[in-house]
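Heads up, the thing below is written out as structure tokens.
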Amino acid sequence: MDKINLDEIIDRLLDVRTGRPGKQVQLTEQEIKQLCLSSKEIFMQQPNLLELEAPIKICGDIHGQYSDLLRLFEYGGFPPEANYLFLGDYVDRGKQSLETICLLLAYKIKYPENFFLLRGNHESASINRIYGFYDECKRRYNVRLWKTFTECFNCLPVAALIDEKILCMHGGLSPELKDLDQIRRVARPTDVPDSGLLCDLLWADPDKDIQGWGDNDRGVSYTFGADSVTEFLNKHDLDLICRAHQVVEDGYEFFAKRQLVTIFSAPNYCGEFDNAGAMMSVDDTLMCSFQILKPAEKKQKFLYQSGTSSPHAPTPPRPGAGLAGSGGSGSGFWGGASGSS
């Protein structure tokens, strides 16, 4: 296999910062294939439950919004200026899934001990076959390349533990999760099953209106109440669950008296929402604060549309959004939020 010039690929992917938003970067098929193969090797060498150290910046869903990914790096610092953990859902929905995933994989290869990617529910062939990534691969390259990405995605880790206190995943908790070693033991490569521990880690959602476990409106996995969060944290001597998977208006939203936080990093999601995007910074004392990408001003033609929910969105906003800033256990654990337009 030919070696690729990683620095040159990163430079080409970053060159579009000076051009119009949405400008494509057409890497060669061979370059992309090598990104997938090289990153897959690293994913398999590292554990399924990553054990990371602060300081680190945590980002939620990106969904092919490449210009916003570049804004996040401009705000937080381009690697290796800061350590990063992404919580999954890199592809689908947005117009530039290929640029998005290629830059993330390139950074993973270049900085394997400082840059980390978890698996989201959209890093699964059965989902991204439907919601845009397959079509983008087929239009710009071929179906063979989409299959190469699938093999790479099947090797992604599914959770991360920061300084033994902050547990991160894309979706949420599972009624089957009794011991963190269960996550370590999930065999890879693997597709995402329709039920069970791996499915729940990528698909579950918190629900303020229930206790324990409930049915999920997505038709997959479960919802879990604040009591489930408290019980899990107490049992495992953890401080916080950090997850993504749902659009939230301010880019971040607390649950269970700030024992869980949802982070969503794609502002103006799909062009249909007015949400901000957020990135959570964890400093070396485990103080958490938020950096906010504000949504663009609403265009005139959208002024008279009512409602914000999309009938197509696989990650719809939860009813009763806007809990950010409410509640609050663990004084001194939370810092503030700063914004960037």
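Okay, so the sequence shown: first residue is 1 according to full-length UniProt numbering, each after it adds one.
Using N, Cα and C, we set each Cβ at its ideal position, and we do this for glycine too.
Residue i versus residue j - alpha carbon distance
| i | j | result |
| --- | --- | --- |
| Leu117 | Cys59 | 10 Å |
| Glu164 | Leu238 | 7 Å |
| Gly335 | Phe290 | 8 Å |
| Phe115 | Tyr107 | 7 Å |
| Ala296 | Lys57 | 23 Å |
| Lys183 | Asp215 | The residue you asked about is not Lys; residue 183 is Ile in the sequence shown. The straight-line gap from Cα to Cα measures roughly 23 Å. |
| Gln246 | Asp284 | 27 Å |
| Lys147 | Thr28 | 16 Å |
| Pro267 | Arg17 | 17 Å |
| Lys301 | Lys95 | With a pLDDT of 41 at Lys301, under the threshold of 50, the modelled position of this residue cannot be trusted; read the value that follows with caution. Near 21 Å, if we compare the C-alpha coordinates of Lys95 and Lys301. |
| Val143 | Tyr134 | 7 Å |
| Thr223 | Gly19 | 43 Å |
| Gly225 | Asp11 | 45 Å |
| Asp89 | Glu231 | 28 Å |
| Asp274 | Glu74 | 21 Å |
| Arg129 | Ser38 | 23 Å |
| Arg185 | Glu113 | 21 Å |
| Leu13 | Leu177 | 39 Å |
| Gln211 | Val229 | 10 Å |
| Ser72 | Ser221 | Correcting the residue identity first, residue 72 is Leu in this sequence and not Ser. Roughly 30 Å between the two C-alpha positions. |
| Asp61 | Phe264 | 5 Å |
| Trp213 | Phe255 | 15 Å |
| Asp207 | Gly64 | 27 Å |
| Ala54 | Asp92 | 30 Å |
| Ile109 | Met279 | 22 Å |
| Cys270 | Asp68 | 12 Å |
| Tyr66 | Leu98 | 9 Å |
| Tyr252 | Asn83 | 19 Å |
| residue 344 | Cys199 | No answer is possible for residue 344: the residues shown for the chain start at 1 and end at 341. |
| Asp250 | Glu272 | 15 Å |
| Phe153 | Ile32 | 14 Å |
| Ala276 | Gly76 | 16 Å |
| Cys36 | Gln46 | 15 Å |
| Leu293 | Ser338 | 9 Å |
| Phe333 | Cys168 | 16 Å |
| Val248 | Gln24 | 28 Å |
| Asp209 | Leu85 | 30 Å |
| Pro319 | Gly219 | With a pLDDT of only 33 at Pro319, under the threshold of 50, the placement of this residue in the model should not be trusted, and no figure is reported. |
| Leu145 | Gln30 | 9 Å |
| Asp7 | Pro175 | 44 Å |
| Leu197 | Lys40 | 22 Å |
| Ile9 | Asp217 | 41 Å |
| Asp15 | Glu81 | 18 Å |
| Ala244 | Asp227 | 19 Å |
| Ile42 | Pro21 | 31 Å |
DSSP beta-bridge partners of residue i
| i | result |
| --- | --- |
| residue 343 | This structure cannot settle anything about residue 343, because the visible part of the chain is limited to 1 through 341. |
| Ala278 | Ile292 |
| Ala54 | Ala54 is not bridged to any residue. |
| Leu240 | Ile166 |
| Gly214 | Thr223 |
| Phe255 | Leu260 |
| Ser338 | Gln291 |
| Asp205 | Thr223 |
Presumed contact (8 Å Cβ cut-off) between residue i and residue j, rounded CB distance
| i | j | result |
| --- | --- | --- |
| Leu180 | His236 | 7 Å |
| Cys155 | Met44 | 5 Å |
| Ile4 | Gln34 | 5 Å |
| Pro79 | Tyr111 | 5 Å |
| Leu161 | Leu52 | 7 Å |
| Leu49 | Ala159 | 5 Å |
| Val282 | Ile166 | 7 Å |
| His170 | Leu87 | 5 Å |
| Ala187 | Thr150 | Not quite, the Cβ-Cβ distance comes to about 17 Å (not below 8 Å), so this is no contact. |
| said: Taking contact to mean 3 or more Cβ pairs, one atom from each stretch, closer than 8 Å, check whether the region 135-148 and the region 101-115 are in contact. | reply: no
| If you scan the region 113-174 from start to end, which runs of the alpha helix (DSSP H) of 4 or more residues do you find wholly inside it? | 125-128, 133-140 and 143-153
| task | Please confirm if the region 114-129 is in contact with the region 186-194, defined as three or more CB-CB distances below 8 Å between the two stretches. | result | yes
| message | Measuring CB atoms only, is the region 259-272 touching the region 238-250, in the sense that at least three cross pairs come out at less than 8 Å? | response | yes
| said: Which complete alpha helix (DSSP H) runs does the region 42-116 hold, if anything under 4 residues is left out? | reply: 66-76 and 97-110
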